[in-house]
Amino acid sequence: MSEGFYYLSEIFFAGLTRGSIYALLALGYTMVYGILGLINFAHGEVYMIGAFVGLVFASLFSIMGYSHLALFAVALAAAVIWAGAYGFTIERIAYRPLRKAPRLAPLISAIGMSIFLREYVILAQTSDFVAFPALFEGLPDLGPLRDFIQPGELVITLVTLGVLGLLFVLIKFTKLGLAMRAIAQDREMAMLLGVDSDRVISYTFVLGSMLAAVGAILIAAHVGQINYHIGFIVGIKAFTAAVLGGIGSIPGAALGGLILGLTESFATGYISSDYEDVFAFAILVLILIFKPAGLLGKNRQEKV
Amino acid sequence: MNLLEELKKSLLVGCWFVFLTLPLVGLQTDYLEGTWEFKGLNLLAVFGLSILFSWAWRWLAARRGKVQFEPNSVPWAPLSLAQLSDTRFLLALSALLLTLPMVASSYQTGILSTAMIYIVLGLGLNIVVGMAGLLDLGYVAFYAVGAYAYGLLNLHFGLGFWALLPIAGMLAAVFGVMLGIPVLRLRGDYLAIVTLGFGEIIRLVLENWGEVTEGPSGIAGIPKPQIPGVELDFDAQAAFIYYLLFLLVLLAIGVNRRLQHSRMGRAWLALREDEIAAQAMGIDLTRTKLTAFGLGAFWAGIVGVVFAAKSSFINPASFTFHESAIILSIVVLGGMGSILGVVLAALVLILLPEYLRFLADYRMLIFGAVMVLTMVFKPEGLITNPRPTFERPDDAEREEP
Amino acid sequence: MSLLKVEQLTKHFGGIQALKGMGLSIEPHQIVGLIGPNGAGKTTFFNCLTGVYRPDQGGVELSTKAGTRSLVGLRPDQVNRAGLARTFQNIRLFGQMRVVENVLVGRHGVTQTGFLGALLRTRAFVAEERANLQRAYELLELVGMADQANRLANNLSYADQRRLEIARALATEPRLLLLDEPAAGMNPTETALLDRLILKLRDELGLSILLIEHDMKLVMNLCDRVLVMDQGRDIAFGTPAEVQSNPAVVAAYLGEESHA
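Protein chains in written order, with this note's numbering: chain V, 249 to 552; chain Y, 9 to 409; chain G, 35 to 294.
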C-alpha cells in the first residue's frame, strides 16, 4: 500500500467526520428554514453552548472519578438537554414575536441573538481555548483498519448515521413528524386542520438544537478542545451544507454536509490549508448564485 | 393579568433562566486541573435580573402597538425633533463641537473622533441597508479596503493621505459594485449570508496573503495627514483629524439627505418595499442596487483611510464580523433610513461604553441585546422617520407673493 | 397599424402548459377586455407580455415612437420604458410611501437626471423634480385622489389603493395600459367611477387598455373588443355582442357563475 493511498484514506475519513458534524448541524438549519423560512443565525451558538455545557458536566463527573464512557454519556446528555432548552428559549425571545414582521426583522434579531450568545459565553466562561476530554483517545485501535481510519472517526460516523436514522423514523412515522411536514408545506392550512403550529415550531427548534449538541460533543471529544468561536465558523459552513443539499430538504442537509466535509478535507489536504474557511464560503457564494435550490431542493417561485 | 399571576410568571421565568445559565454562569470548572467552583451569587443575580426582564418584557409587549410614537420624535428625549432640527440649536451645537479639541485632552478628542468614524460608517451602511433594504453583513470589508489601500500604497509607493482619500473611496466603491454583481438576484437572508461570506473572505485573504498584505502582523507607522508646510504636534494632529472627521460627517449627512429626496432614493425605497412592482415601474434593478452598494462602500473606504491614519497601525483583526455587526446595530437602532437616528445611535453605542467604563466588557452583549430588542419592540428604531410630504408645485408657487 | 401584436404565445411551467399559442391584436385608442374562467391563464398572459416570464415561443410586438419593437426577452423595466404599464391583481403599492410619492416612483423611467444631479442639486434636477411632482398631482386629480396626496399608501381604502395603482402606472407614460382586475372588491358606485375613468384614459389620454375582469357588466359595457381565454388558449375575439353569443364561450363558462 503506497503512502499516497494512506494519505487519501486519511483525508477521506477526516472528510467523512467533518461531513457528519456539518450534517448534524445542517439539519437544524434546514428544519427551521423549511418551517419558518428563516435562517436561524443563532444555531451555531447553540452548538457551541452545547459543547461548553458538555465540558462542564464532563469535568464535574471526571472529578468524581468517572471515566471515558460515563463521561461521554454525561456530556452528551447534558449538552442535548441544555441545547434543547436554549433552542426553545431563543425561538421564544427572538423569533416568535416577529412571526408577522417584515423579512429583515427576524434576520437582524437572529444576528443580534448570535452576537449576544457568543459574548455571553465569553463572559460566563472564557475567551481562551479550553481543553475538552479527548474521550476517543482511549479507544482501542481498529486492528487491520488502523492505518485507514481512527476509532474516533468511526464512532462519529456511526453515531451520526444512527441519529439520522432516528430522525428519519421520527419524521416519517410519528405525528410530530407529520405535523412538521404539514407546516413546512402550508402553515395556515395545517393550522386550520388543527395543528398547533407554535408547539410544532418549538419542537423543531428543540430537535435541531439537540442534533447540534450531539455534533458538538462528538467533535469536541475527537479534537480535545473547544472555544467560544467554534459556533460562528461551523455555523456558516453547516448553513452552506444545508443550502448545498437544498434548503428545506432533510436528506439534502445530510447530503450537503457529507459533500462539504469531503470537499473541504480534500481541498485542505491537497491544495492548501491556509484558506480552509475560504473554500466553504466560496462554495456558498457559488451555490447561491448559480443554483440556489441546491441539489435536492425545490425552486420557490414568487407569485406575481 | 393580576399581580399574583404576574408574580408567578416572573418567578417561573426566573427559575428557567437559572436552569439555563446553571452550567455556564453558575459553575466554573477546569478539566485539566480537576477543580470546580459553584457560583451561587451569579445565579442569584441571574434570577433577579430575569424576573425584572420578564416583567419588563410583558409590560412592553402589552403596550406594543398601543403607543403610537409621534412621527419624527425621539422617545423619552428631553428635546423634541423640532427643537433638535432648529437651526440655531444646530449652530450652537456645532460651535460647541468645534471648540472641543481646544479644551479637551487629545484622548477625549480621540474618542469623539472614533464616534464620528462610526457615524460615517453608519451613514454609509444606511444607504445600503436603511434606504435600499439590502442587508449587507460584510460592510467592514470596504472599511478594510480603504484602510489597507492607504497602508499599502503608502508603504510601497509613498502615496500620501490626501491622494489616498479619493483613491480609497473609488477603490472601495469598485469593490462595492463587484460585491453587488453576484448578489443581484438574491433575496434577504441569502443576500445577508453571502455578504457575510465576502466580508470573511476579505479578512482571511488579508490575514493569509502575507506577501501582499503583510499578514496578521499588519502595517505600522502609517503617517498622519499633514498640512503642507505646517508642523503639527501630537495634540494638533489629533485635533486636525477631529476636524477632518467633522467635515466628513457633515458631508455624509448632506449626501444622505439629498439622496433620500431624489429619484434614486425613491427607487431604493421602492426596491425595498416591492421589487417586482418597482421593476414594473421602469426601475432598472441592477443599476439601482449596484449604485447603493457602490455609494455605501465609498464612505467606508474614505473613512477607512482616516482610521488608518488615526491609529497609525492596522491589521486584519480590526476588520472582523464584529465590526460589521456594530455598524449594523447602529443602523438598526437608529431606524432604517433615518439620518438623525443613525447619528444618535452611533453616539450612544460608541460613546456610552467609553464613559460608562464598567459597561465596556459588556459592550458586545449589549449590542446583541439591542438588536434583538429593537426588532421586537421598535423595529423602526429610535426615530420614526416617515416620508416627507409634498405640496403641489402650482400651489406652492402661488403662495409666494 | 396595431399597437400591440401577439402571436403564438406559448409558455409552460414544468409539465404544465399555461399558454398555448395565444394571439391578440390591439389597436390604438381601444379598450380590450380579457375574460375567461379561473385558471385560464390570464395573469400569466400579462406576465409574459410585461417580461416577468419569458415566453417559450411566440412574438410580442409593440408599436412605439421609434418603430415596432419586440418585447420578448426584455426585462420588466425595459418593457415598461417601451410603453407598456400594468397594475397587479394583488395590489402592490409602496405602502410606506406617501400617495404622491408612489406616483413619483412611476416617473423614474421618464426622468433623465441621475443621482449626481440630485447630489449637486443642479438646475436640471430641480426643474425635473418640479415637473414630475406637477404631473403626479395631475394624475392623482385624474383618478380623483388629489386630496389624499400626502396620506401614507398603507392607510388607503381598498378602492383607493386600486386607483392609486392606476395613477402610478400612468405616470410611466405608457401607450398601452394593462389592468389586472381593477374592479375587484369595488362596490357598484366605485365600479361606475372606474368605468368613467377608463373611458377617460382612452378618450383624453389616447391610451389603449387591456383589462382582465370578472365583472361581466363592466366588460360588456366598456370594452370595444373582448378576448376570451380558456385553458391557455384564445377561444374567441370580437365585439362584446359577438363574444356573448359565441357557443364556445358559453361552453367554457358552463358551470361558472358570471356577474352578467
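C-beta: ideal position from N, C-alpha, C; glycine also.
Here the alpha carbons of Y:V384 and G:T206 stand approximately 38 Å from one another.
Nearest CB-CB separation between Y:N216 and chain V: below the 8 Å threshold.
Here G:H46 is bridged, per DSSP, to G:Q51. Under the Cβ criterion of 8 Å, Y:Q116 is not counted among the residues facing chain G. A Cβ-Cβ contact shorter than 8 Å links G:E135 with Y:R274. Residues V280, Y343, P354, L355, A358 of the same chain have their beta carbon placed closer than 8 Å to that of V:L286, with the five preceding and five following residues left out of the count.
Residue state for Y:D38 is assigned as strand, using DSSP reduced to three classes.
For V:R447, there is no enclosing beta strand (DSSP E); the residue is part of the alpha helix (DSSP H) that begins and ends at 445–471. Under the 10 Å beta carbon count, V:V294 is surrounded by 16 or more other beta carbons and is classified as buried. For the C-beta of V:E293, not a single chain Y residue is nearer than 8 Å; the gap to the nearest is close to 10 Å.
Chain Y has a Cβ within less than 8 Å of the Cβ of G:F122. One Cα belongs to G:G148, the other to Y:R271, and the distance between them is close to 7 Å.
Residues of chain Y whose Cβ lies closer than 8 Å to the Cβ of V:D525 are, in chain order, E208, L212.
Taking the C-beta atoms as reference points, G:N188 is found no nearer than 8 Å to G:G240. For the pair of segments examined, the stretch 301–311 of chain V was found not to touch the stretch 529–539 of chain V: the number of CB pairs separated by less than 8 Å stays below three. Secondary structure of G:R230 (DSSP, three-state): helix. For Y:T43, DSSP records a beta bridge to Y:D38.
Taking 8 Å as the cut-off between beta carbons, the residues of the stretch 300–326 of chain V near chain Y are F300, V301, L303, V304, F305, A306, S307, L308, S310, I311, A326, in sequence order. For G:D249, the number of other beta carbons within 10 angstroms of its own is at least 16, and it is reported as buried. Closer than 9 Å at the C-beta level to chain Y, one finds these residues of the stretch 153–169 of chain G: L153, L154, R155, F159, E162, E163, R164, A165, N166, L167, Q168. For a Cβ distance threshold of 7 Å, residue set D111, H142 of chain G lies close to Y:I291, ordered along the chain. Only exposed fits G:Q168, as fewer than 16 other CB atoms lie within 10 angstroms of its CB. CA-CA distance, G:R155 to G:R202, rounds to 25 Å. For V:L319, DSSP records no beta bridge to any residue.
G:I243 carries a strand assignment under DSSP once its states are collapsed to helix, strand and coil. Its Cα nearest to that of Y:I338, the residue Y:V378 stands out among Y:V378, Y:P324, Y:L367, Y:V313. Within the stretch 294–305 of chain Y, the residues whose Cβ lies closer than 7 Å to some Cβ of chain G are T299, listed in chain order. Sequence-distant partners of V:F514 (beyond 5 residues in either direction) whose C-beta falls short of 7 Å from its own C-beta, in its chain, are I259, G263.
The beta-bridge partner set that DSSP reports for G:G272 consists of G:V260.
By DSSP's assignment, Y:Q268 forms no beta bridge with any residue. For Y:R211, the three-state secondary structure derived from DSSP is helix. A straight-line Cα-Cα distance of about 43 Å links Y:Y250 and Y:G56. Residue-level contact by beta carbon fails for V:A464 and chain Y, as no gap is shorter than 8 Å.
Only V263, R266, L267, H269, S270, R271, M272, G273, R274, A275, L277, A278, E281, D282, I284, A285, A286, Q287 from the stretch 256–287 of chain Y bring a Cβ to less than 8 Å from some Cβ of chain G.
The beta carbon of V:G335 sits closer than 6 Å to the beta carbons of V294, F453, V454, S457 from its chain, once the five residues preceding and following it are set aside; these are given in chain order. Residues of chain G with a Cβ closer than 9 Å to the Cβ of Y:D402 are, in chain order, Q168, Y171.
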